[in-house]
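Top to bottom, those sequences are chains A, B, C and D. Numbering of the first sequence is given in my numbering, commencing with residue 88 and proceeding in unit increments. Numbering of the second sequence is given in my numbering, commencing with residue 869 and proceeding in unit increments. Numbering of the third sequence is given in my numbering, commencing with residue 1406 and proceeding in unit increments. Numbering of the fourth sequence is given in my numbering, commencing with residue 32 and proceeding in unit increments. Idealized CB from N, CA, C, for every residue including glycine.
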Amino acid sequence: MEKQEERKHADKILSPGVKPILRVEKTSKDFSGFKALTDVSFEVQTNEIFGIAGPNGAGKSTLFNVIAGKESNQGDIFFRKKNIARFRPYKVCHMGIARTFQTPELFLSMNVYDNINVGARFGLSEKHEKQNADKIMDEVIELVGLTASKNVSAGSLDLFEKKLTTLALALVTKPRLLLLDEPLGGLSPHEIDKFVKLILHVRDELNLTVIIIEHLMNVLAEICNTLMILNSGAKICIGPPDEVLNNKEVIKVYLGEKNVKS
Amino acid sequence: MKLSYKNTIIAFAVMLFLPLLIHDNSFLMHILIMSCLFSVLLVGWDLIMGYAGIFSFGQIAIFTIGAYSSAMLSKIVGLPPLISILVGSLIACGVGIIVALPSLRLAGIYVAMVTFLLHEALISMIRIGRVIGTGGATSITGIPPLSFLGYSFPSIERLPWYYVSLTLAFLSYFVFIRIINSSYGISFVALRDAEDLAKSVGVDDYRSKIIVFAMAALFAGLAGGFYAHYMRLVSVRILGLDNFILLLVMLIVGGLGKFPGVIVATFIFTILNEYMRPLEVFRPILLGVMVIVAIIYMPNGIGGIINFITTKFRRFKRIS
Amino acid sequence: MLKVDNLDTFYGELQVIRNISLTVETGDLVVMLGPNGHGKSTLLKAICGLIKPKAGKVEFGGEDVHSFSIEKIVEKGLVYIPEDRRLFPQMTIKENLLLGAYNPIARKEREKNLEFVYQLFPKLKKMYARTVATLSGGEARMVAVGRGLMASAKFLAIDEPSLGLAPNLRTELFDKIHQINKAGITVLLVEQCVTEVLDYADRVYVIEDGRIVYNGNKEEVLNDKDVKKALLGIE
Amino acid sequence: MFNQLISIFANGITISSTYAIVAIGLSLVYGVSKTFNYAYGSFATVGAYITWLLFSMFDWMNYPVAIMVMIPFMFLFGIAIEWLIPRPLRKNENWEITTVVATLGLGVLLANLVLFLFGPYTKALPELGGGTVSIGHVQLDWNRIVILILAILIVVGLKLFLKKTYIGMSMRAVAQDIEGARVVGMKINHIFALTFGISTVLAGLCGMLLGTIYFLTPSGGWEIFIKAFVIVALGGAGSIDGALYAAFILGITESFVQFTLGPIWVMPFWFIFLMAVLIFKPRGLLGIR
């Protein structure tokens, strides 16, 4: 707990935009001839919310897979100054990066509590955290708001609860960086609202840096500090959202002329 | 989710007193001993195939390796049988790990192919190994009987052997339940249910898979060792197709990943198989028909039926 | 031509479609709008007989769709074009198109339909021998639509054709779909991108959370400020 | 020495060509329906015994007639089996593994049925062509040459069928995207049955060809199955070209291993070879996903 305070304190001093937590350098991914990513480089600052958008097939999810160690790549990825580009997924998780998937996968033969328990058992890497695993779990369940459905089987959850569970599963590993892959897809406007609030709340509460892939531009514009647009595996624009959304090329390849707000 | 020890303990208690009724029936005793030994192998198979979801067809090959190692260690090297069983199981375990290594990156169907080929290649290897005392195409005979604290267990004496195999079987069930309820068990099931998700929350997939291969092999190796010293004869016939299918049927009809199911199926099918022996050529034909019918009409196996009944029963208790 | 009556569909225990009724007249181009994951695709699949509804009925040409097998539904001319295209990746464009004409009726009209598709998408004729796996998203989309037409479709149900396409390609594709419609084929379209389609649509349904929250023809949509704002995000 | 090498090589090629037929049949069914048929070897046995039965029943029997009888018989047999076993099983959740067990059961059943009907004694089929032919100093059996020619005809015919005919195209389509095939309105179950039927015919023909070299035994099919299985694994499950290449690679190495080390070394050798290949290419030489 003390350490948590310390971390909070340290991060306060180095406010967003000063200290990069993740630096991706010249990442490329080739699927037998098909170039999913070409030379993508960017930096994510500590505590910011970093948005990624772009047409389907632009390589957004591949980028997450590469960062999370699911896919190999040519290029380097520095997380808190350490090159994690060759790490396997579980190791990346232990380094402090957690992710959610586009289609909310869960361990379907288990209930919600046991699902989150998997994260607590295997995701926590530091000794004092492991000893407090039960407490961390309860905190996360409370934070996400799953207390009432702890004993429900994962298969019978509705989409929103499934998304909450995957989020809890990611958070229980005590990450510093959270990767969210289209977390809002399939939710109703009301649920989107709730989920966005939850993401912001969680970010503040746990001192996280968040990278989020989304299609909903209005949400991204609202919550992101930085926005990056990918197209056909290449970065075409990065910067503050309002700048990016008025960028000519972004309008051309992604937003379309008519969709631009006056 | 968590498996309880309760039913297993009850079953153990019942089995302890079973000889009071049937100790005169040497044939039935023999079948029960075999059932116990096979169930150890099958519990390991259920661990890797049912709970970890890895299509391994090498379980009987590893059982055979355990049996041959233990037989050769005690007969040729002269180790005391208990020690040779132990060492034999460790060898089996090692083979399990060696098979696990290439399997880590393979898709399910290829794991099935590699392990199945291990089974087939082993037949030739044993024949080739004649020079080092595997008995070649025939068999190793005259394996020393199990002995413990100066008492030796000749296999003609069914009762002591019944208790030996019973103890072994139930010890392995308890170990199995412990594994399933432990972190390892959780990681196996997590990888089976959603591999990518499991890895992303910190499950080391390579480590888990190697461990599950090793554990399944350990069960098989132990069963093989005891089998060798009980039968006092091992031959390549263990690797025969009819044996392979019989054991696989026990696993599938028992229900993959539905724990007590596999044990119930082991006892049922071992007994059935022995009592069908007089049918000669019709036995495998009948067995084949039974397999097909059982699989088509009982897709979740006996374990599925047990689960169904127990949940019904619990609901019933809650209502009343 | 198509009549949907009080349809309810579940996905496991989750209700995706809630009591939806709609009709599509012969020769119309109807658009279903709404955000991602609100049941539009599910509705389209239920209409085309790929998902069995819990309750309600879908009638196509006066016959209950769900009393037929999928092969039979396709044969009757109700053809579904999935969002993820589902082409045969290791085959050429022409082979893909020819396989579209699988049902016995379409097989007889194969040459004629192929001619129509090639006329509509001259590009496909030019590169007929290319393997589909090597095509760009836009080209693959054309093949998917073409393959649907090859089934001698009377009614095309197209799921998000604009998905992943650049704006200029989108406009082109909608133009083609309009041409298909003008050739006498009824079209039911599911879309998220609104602006481009609206010019061609005879009728618009808006689906939110598994319900129809709005329906009207083109003029009504354009004249209704609130709807326009909600749908298009423009004032 | 050189001549010996040539004749080992030639024998390897003829054997490989028969392996290619079964392996392609096995891989074809896997590619289209993702089903592994463990009774496949017994199908070859059935084919061989049917041929034997034809020859022993009719004095005037010859191979063209035998083949003409066998093809429709095996085809219908395959379709009946498909309808009986994989089709009902495909509905349940563990269908991959349950079909394995059910077809294994079928394999045991068929082998023992053959044992019951024909007895345990080995049988021999007449040769396809008598005598030998000398090319230089190398002597080749006519029988093996005819086998090779027939095998090439079968493989080429099958490839043309898949490539050029509409039905063959539909089979490839189902293999590539079953959902897409359904949307187009294909009768998936018919295509599964058809594929199974064709693969059964291939098994039967292979059983017949091998029966002209080796004696028939009721359980002989098992070895054929295992070899086909390894070939499919090496070539990549579901890939027909892969199976073709792998059949020749393994068939030719087999005849050299047999000659230098003895037949018993074939299986261990294949096992090590396969492991080594799979470490570098986890989906076989030309594997599909």
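- Residue state for G1123 (chain B) is assigned as coil, using DSSP reduced to three classes.
- In this structure, DSSP gives M315 (chain A) an extended state, which the three-state scheme calls strand.
- In the three-state scheme derived from DSSP, where H, G and I count as helix and E and B as strand, R1616 (chain C) is classed as strand.
- The three-state secondary structure of A935 (chain B), taken from DSSP, is helix.
- Contact holds between the stretch 906-916 of chain B and the stretch 1035-1042 of chain B, because three or more Cβ pairs, one in each stretch, are under 8 Å apart.
- Rounded to whole angstroms, the separation of the alpha carbons of E1500 (chain C) and T1539 (chain C) is 14 Å.
- The shortest C-alpha to C-alpha distance from N333 (chain A) to any of A:S319, A:L314 and A:N318 is the one to A:L314.
- Where K113 (chain A) is concerned, the enclosing beta strand (DSSP E) starts and stops at P107 to F118.
- The residue from B:T1002, B:C904, B:N875 and B:P1152 with its alpha-carbon nearest to that of A935 (chain B) is B:T1002.
- Collapsing the DSSP output to three states places E1468 (chain C) in a strand.
- When secondary structure is reduced to three states using DSSP, R186 (chain A) falls in the strand class.
- A contact between stretches requires three or more CB pairs, one per stretch, nearer than 8 Å, and the stretch 126-134 of chain A meets this requirement with the stretch 318-331 of chain A.
- Assignment of E130 (chain A) by DSSP, reduced to helix, strand and coil, places it in the strand class.
- Counting C-beta atoms within 10 angstroms of its own C-beta, P142 (chain A) has 16 or more neighbours from the protein chains shown and is therefore classed as buried.
- Under the 10 Å beta carbon count, I310 (chain D) is surrounded by fewer than 16 other beta carbons and is classified as exposed.
- Contact between the stretch 1601-1614 of chain C and the stretch 1435-1452 of chain C is present: three or more C-beta pairs spanning the two stretches fall below 8 Å.
- Taking 8 Å as the cut-off, the beta carbon of G109 (chain D) is found no closer than this to the beta carbon of G238 (chain D).
- Contact of L1492 (chain C) with chain D is assigned, a C-beta pair being separated by under 8 Å.
- The alpha-carbon of V111 (chain A) is positioned some 10 Å away from that of L150 (chain A).
- Near chain D, meaning a CB-to-CB distance below 9 Å, the residues of the stretch 976-996 of chain B are G976, I977, Y978, A980, M981, V982, F984, L985, L986, E988, A989, L990, I991, S992, M993, R995 and I996.
- With a cutoff of 8 Å on beta-carbon distance, M1555 (chain C) and G1505 (chain C) are scored as near each other.
- Bridge pairing for T1009 (chain B): B:L1101 [DSSP].
- Counting C-beta atoms within 10 angstroms of its own C-beta, E1625 (chain C) has fewer than 16 neighbours from the protein chains shown and is therefore classed as exposed.
- C-alpha of L265 (chain D) to C-alpha of Y1030 (chain B): approximately 45 Å in a straight line.
- Proximity to N1168 (chain B) across B:G1129, B:I944 and B:R1151 peaks at B:G1129, based on C-alpha coordinates.
- Around the beta-carbon of M897 (chain B), 16 or more other beta-carbon atoms lie within 10 Å, marking it buried.
- S275 (chain A) has a beta carbon lying within less than 8 Å of a beta carbon in chain C.
- When the Cα atoms are used, L241 (chain D) and I922 (chain B) turn out to be separated by approximately 35 Å.
- In the structure shown, V1436 (chain C) falls within a strand segment according to DSSP collapsed to helix, strand and coil.
- Taken atom to atom, the span from the alpha-carbon of R167 (chain A) to that of V289 (chain A) is near 21 Å.
- In this structure, the CA atom of A155 (chain A) is about 44 Å from the CA atom of L1114 (chain B).
- Beta-bridge pairing by DSSP links V1611 (chain C) to C:L1438 and C:Y1619.
- The stretch 880-899 of chain B and the stretch 93-105 of chain D do not touch, with fewer than three beta-carbon pairs separated by less than 8 Å.
- Listed by position along chain A, the residues whose Cβ is nearer than 7 Å to that of G1542 (chain C) are G144.
- Judged by DSSP in its simplified three-state form, T163 (chain D) adopts strand.
- Counting along the chain, F1415 (chain C) sits inside the beta strand (DSSP E) bounded by residues L1407 to Y1416.
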